[in-house]
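Engineer:
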Amino acid sequence: MTDLLLAPGFFSSGPVRTALLVGGGAAVVSGVVGVFTVIRGQTFAGHALADVSSAGGSLAFLLGVNPMLGFLGMAGIAAAGMEAVGVRRLRGRDLATGVVFGAGLALAALFLYLATTTTSTTGAAITVMFGSMFAIPAATGRLAAVVGLVALAGVAAMYRPLLLASVHEDLAAARGVPVGAAGLMYSLVLALAVALSAITIGAILSTALLVGPSAVALRVTRRPGQAMLVAVLVALAATWLGILLAYDSFVWTPGHGWPVSFFIVTLIMAAYLLAPRRA
Amino acid sequence: MRALAAAAMTGLLLAACGGAGVPGSPVQPAAGVIRAVGAESQYANVISQIGGRYVAVTAVESNPNTDPHSFEASPSVAQALAGAQLVVVNGLGYDSWANRLLSATPAKGRTVIDAQTLLGLPDSTPNPHLWYAPKTMPAVARQVAADLAALQPSHAAYFQANLAKFDAALKPWTDALAAFRARYGGTPVAVTEPVGDYMLQAAGCDIATPFSFQAAVMNGTDPSPQDLTLQQSLLKGRRVKVFLYNQQVTSPLTQSLLTLAAEAGIPVVGVYETMPSGYTYQAWMLAEVRALQQAVASGKSTTKL
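As structure tokens, then:
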């Protein structure tokens, strides 16, 4: 019975340890950055960024380089592009965003097709779209740690201006807050957060980790600092519990583990439905 | 691009084997020559060896750089299949594109040999890489000889003689397998996927990698962490003597296993989804067993044949 809840070898497994570390890092960064995303009302743009980044992950498979570099590169380009166009002006312009992320996925489809038909690669589609948390190579883990620390440092350095510009851009500008710099910083940390969650739960599902825990947190509290703490805790709990359940699922259906991203996203969904609302 | 590459590979392959053949569909075979298609290059090679000068063979899958499991047929492949009088497929869902194309272009008088059906294997057979099993090709070759004789009864004796030659040519391979089994039977080995499993079983090896792991890599899904942990410990702890690696199906995961094997000093032997160029079927199989033997006996890697 205990095997069903904690299958043997969980804590001694190398792949599990890597997943806990990299997944935990992605959860922390997504929780912090996601609060800004939700406050700014840019969930859809965040999702578009993730979809465009999938083209980078697919290209990395085609070229045979570290997928994390692909996600990072494409998310960075997309974020800079969105900032150049002025994503604030895009707010509410679902159509333009929708077309752009469609194009990103189309590129991903092309690269994945070429990767599977002209080079010797396997599992690229599943890894790019839905993540392969238990198969993260050590080199990717180290790169992810650096990316996570850079993202958190970026947020810490610009915390006040970033928050003011996110809550009320015009007011912030009137008060002399460097709104442009804050916007650029937000876009860049968003790109880092998306790339991190793309290698863990996949590009398609990374939005769930980005905005889900933050949406839960902003239901519980309106104070941004508290919301970030709650979002990080929810994201961490969902990720680590999801990893445990995915590990256990090998015992439920012998020989077939269930995908870890399924558990994480389902847990986030459950937390959203069950979250107490502010009075 | 894929079709071009396949056509080019077919040309190389047939030139290398000295068999009669047409690379791609545009070249029309001479009158009285049977048009045949092998879904994978190893089957095409066997047809070519049995049919000799009376058969023009096209191999559909022969690109050593791609994974046949994710092959998508192009219009030129459809054309080659539609015009073929004899087709050999592997079955077990390995080349299901061929079955779809064949049923889409019904042709009178076309004979299809399905290795799975020939061997009487149920659809639930987990490992589709039948050509590594010693009993597969003799059965396929016998059926090819019979079907060619039915198409050209006047050359039946010629096909029969080629069949005898082919069977005799397989003997060094089966002898090598028996010798390996006698000397190194029970040797523990790790694999990335089940490509060479039938050969390993015939050689008496103990495949330590769980089949669920092999299936996950073969099907491009995520292996479970339990299986991956076990696989890593097999390599790290030097609990296996050889690591069989499929060059046609790689991912960051399989590459990281390759690195682990190198760090632990475990020799690697490459296995193939389609016949590597420059080989006949029997020479390829013999080379695989020799590579396995070298790995076990002297720790020497043969990543590419």
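Chains A and B are the protein sequences, given in the same order.
Here the first sequence is numbered in our numbering, starting from 3 and rising by one per residue.
Here the second sequence is numbered in our numbering, starting from 14 and rising by one per residue.
A virtual CB, placed ideally from N, CA and C, is assigned to each residue, including glycine.
Comparing alpha-carbon positions, which option in Pro261(A), Ala239(A), Arg279(A) and Ala277(A) lies nearest Phe132(A)?
Structural biologist: Measuring from the Cα of Phe132(A), the nearest candidate turns out to be Pro261(A).
Engineer: Would the stretch 46-54 of chain B count as touching the stretch 69-79 of chain B if we require 3 or more Cβ pairs under 8 Å?
Structural biologist: Yes, the stretch 46-54 of chain B touches the stretch 69-79 of chain B.
Engineer: If you measure beta-carbon to beta-carbon, which residues of the stretch 16-34 of chain A are closer than 9 Å to chain B?
Structural biologist: Under the 9 Å Cβ criterion, the stretch 16-34 of chain A contributes Gly16, Pro17, Val18 and Ala21.
Engineer: Does the beta carbon of Ile266(A) come closer than 8 Å to any beta carbon on chain B?
Structural biologist: Output row for Ile266(A): interface = no.
Engineer: Quick one: using the 10 Å Cβ neighbour count with 16 as the cut-off for buried, is Ser237(B) buried or exposed?
Structural biologist: The residue in question, Ser237(B), is buried, as its Cβ has 16 or more Cβ neighbours within 10 Å.
Engineer: Look at Gly106(B) and Tyr145(B) and say whether their C-beta atoms are less than 8 Å apart.
Structural biologist: Going by C-beta atoms, Gly106(B) is not nearer than 8 Å to Tyr145(B).
Engineer: Mind checking if Gly104(A) is an interface residue toward chain B, Cβ cutoff 8 Å exclusive?
Structural biologist: No - not a single Cβ of chain B is within 8 Å of the one on Gly104(A).
Engineer: Smallest Cα separation from Ile1(A): which of Leu231(A), Leu207(A), Ile266(A) and Gly75(A)?
Structural biologist: Only positions 3 to 281 of chain A appear in the structure, and residue 1(A) is not among them; the question remains open.
Engineer: Can you confirm whether Ala210(A), when its beta carbon is compared against all beta carbons of chain B, has any partner nearer than 8 Å?
Structural biologist: With 8 Å as the cut-off, Ala210(A) does not count as an interface residue toward chain B.
Engineer: Whether or not the stretch 150-169 of chain A and the stretch 182-195 of chain A are in contact is what I'm after, with contact meaning three or more pairs of Cβ atoms, one per stretch, closer than 8 Å; do they touch?
Structural biologist: Touching, yes.
Engineer: Which stretch, first to last residue, makes up the alpha helix (DSSP H) that contains Tyr161(A)?
Structural biologist: Element bounds for Tyr161(A): Tyr161 to Val169.
Engineer: 8 Å is my cut-off, CB to CB: does Thr316(B) come that close to chain A?
Structural biologist: Chain A contact via Cβ: absent.
Engineer: Taking only beta carbons into account, state which residues of the stretch 247-273 of chain B come closer than 7 Å to chain A, listed in chain order.
Structural biologist: Listed by position, the residues of the stretch 247-273 of chain B near chain A (Cβ gap below 7 Å) are Gln260, Gln261, Val262, Thr263, Ser264, Pro265, Leu266 and Ser269.
Engineer: Just how far apart, CA to CA, sit Val202(B) and Leu247(B)?
Structural biologist: Distance between the alpha carbons of Val202(B) and Leu247(B) is about 9 Å.
Engineer: Grab the span of the alpha helix (DSSP H) containing Arg42(A) for me, first residue to last.
Structural biologist: Where Arg42(A) is concerned, the enclosing alpha helix (DSSP H) stretches over Gly16 to Arg42.
Engineer: Hey, how far is the Cα of Met212(B) from the Cα of Ala237(A)?
Structural biologist: Using only the alpha carbons, I get a separation of about 47 Å.
Engineer: Using a Cβ cut-off of 9 Å, pull out every chain B residue sitting near Pro69(A), in sequence order please.
Structural biologist: Correct list: Pro265.
Engineer: Below 6 Å CB to CB, which residues in the same chain sit around Leu194(A) once its five sequence neighbours on both sides are set aside?
Structural biologist: Same-chain partners within the cutoff: Val149 and Ala153.
Engineer: With DSSP as the reference, label Tyr107(B) as helix, strand or coil.
Structural biologist: Residue state, collapsed to three classes: coil.
Engineer: Which residue from Leu247(A), Thr241(A), Pro256(A) and Tyr274(A) puts its Cα closest to that of Val24(A)?
Structural biologist: Nearest option by C-alpha distance: Thr241(A).
Engineer: With DSSP as the reference, please indicate the residues paired to Phe256(B) in a beta bridge.
Structural biologist: Ala203(B) and Val281(B), per the DSSP bridge assignment.
Engineer: Between Phe63(A) and Val18(A), which are expected to be in contact by the criterion C-beta below 8 Å, what is the C-beta distance as a whole number of angstroms?
Structural biologist: That belief does not hold up - the Cβ atoms of Phe63(A) and Val18(A) are roughly 24 Å apart, past 8 Å.
Engineer: So, is the C-beta of Ser56(A) closer than 8 Å to a C-beta in chain B?
Structural biologist: Not closer than 8 Å to any Cβ of chain B, the Cβ of Ser56(A) fails to qualify, so no.
Engineer: Could you check whether the Cβ of Leu183(B) sits closer than 7 Å to any heavy atom belonging to the ligand NAD?
Structural biologist: Within the structure as shown, the ligand NAD is missing, as the structure has no ligands at all.
Engineer: Cβ closer than 8 Å: which chain A residues qualify as neighbours of Gln239(B)?
Structural biologist: Neighbours of Gln239(B) on chain A, chain order: Ala9, Gly11, Ser15, Tyr249, Phe252 and Gly259.
Engineer: Assuming Thr4(A) is part of the alpha helix (DSSP H), what are its boundary residues?
Structural biologist: Here the alpha helix (DSSP H) through Thr4(A) covers Thr4 to Leu7.
Engineer: Can you confirm whether Ala20(B), when its beta carbon is compared against all beta carbons of chain A, has any partner nearer than 8 Å?
Structural biologist: Low local confidence applies: a pLDDT of 42 at Ala20(B) is under 50, so the model's placement there is unreliable, with the coordinate-based value given in what follows. So no, Ala20(B) is outside the interface.
Engineer: Which residue wins for smallest C-alpha separation from Gly125(A), given the options Thr263(B), Ser109(B), Thr242(B) and Asn175(B)?
Structural biologist: Residue Thr263(B) is the option with its Cα nearest to Gly125(A).
Engineer: Whole-angstrom Cβ separation of Met70(A) and Ala146(A), contact assumed at under 8 Å?
Structural biologist: Contact holds; Cβ gap of about 6 Å.
Engineer: Rounded to whole angstroms, what's the CA-CA distance from Ala273(A) to Ala217(A)? Just pull it up for me.
Structural biologist: Taking the straight line joining both Cα atoms gives about 10 Å.
Engineer: Kindly list the residues whose CB is nearer than 7 Å to the CB of Val40(B), restricted to its own chain and excluding five residues on each side of it in sequence; keep chain order.
Structural biologist: In this prediction, Val40(B) scores a pLDDT of 45, lower than 50, which makes its location untrustworthy; no coordinate-derived value is stated.
Engineer: Distance cutoff 8 Å, beta carbons only. Does Ala272(A) sit that close to anything in chain B?
Structural biologist: It does not; no Cβ of chain B falls within 8 Å.
Engineer: What residue range does the beta strand (DSSP E) around Ala72(B) cover?
Structural biologist: Counting along the chain, the beta strand (DSSP E) containing Ala72(B) begins and ends at Val68 to Glu74.
Engineer: Contact check, Ala52(A) vs Ala200(A) under 8 Å by CB: the rounded distance?
Structural biologist: Correct: roughly 6 Å between the Cβ atoms.
Engineer: Going along chain B, which residues have a C-beta under 8 Å from Phe136(A)?
Structural biologist: By Cβ distance, chain B contributes Asp235, Pro236, Ser237, Pro238 and Leu241.
Engineer: Go ahead and label Trp254(A) buried or exposed: buried means 16 or more other beta carbons lie within 10 angstroms of its beta carbon, across all protein chains shown.
Structural biologist: By the 10 Å Cβ count, Trp254(A) comes out exposed.
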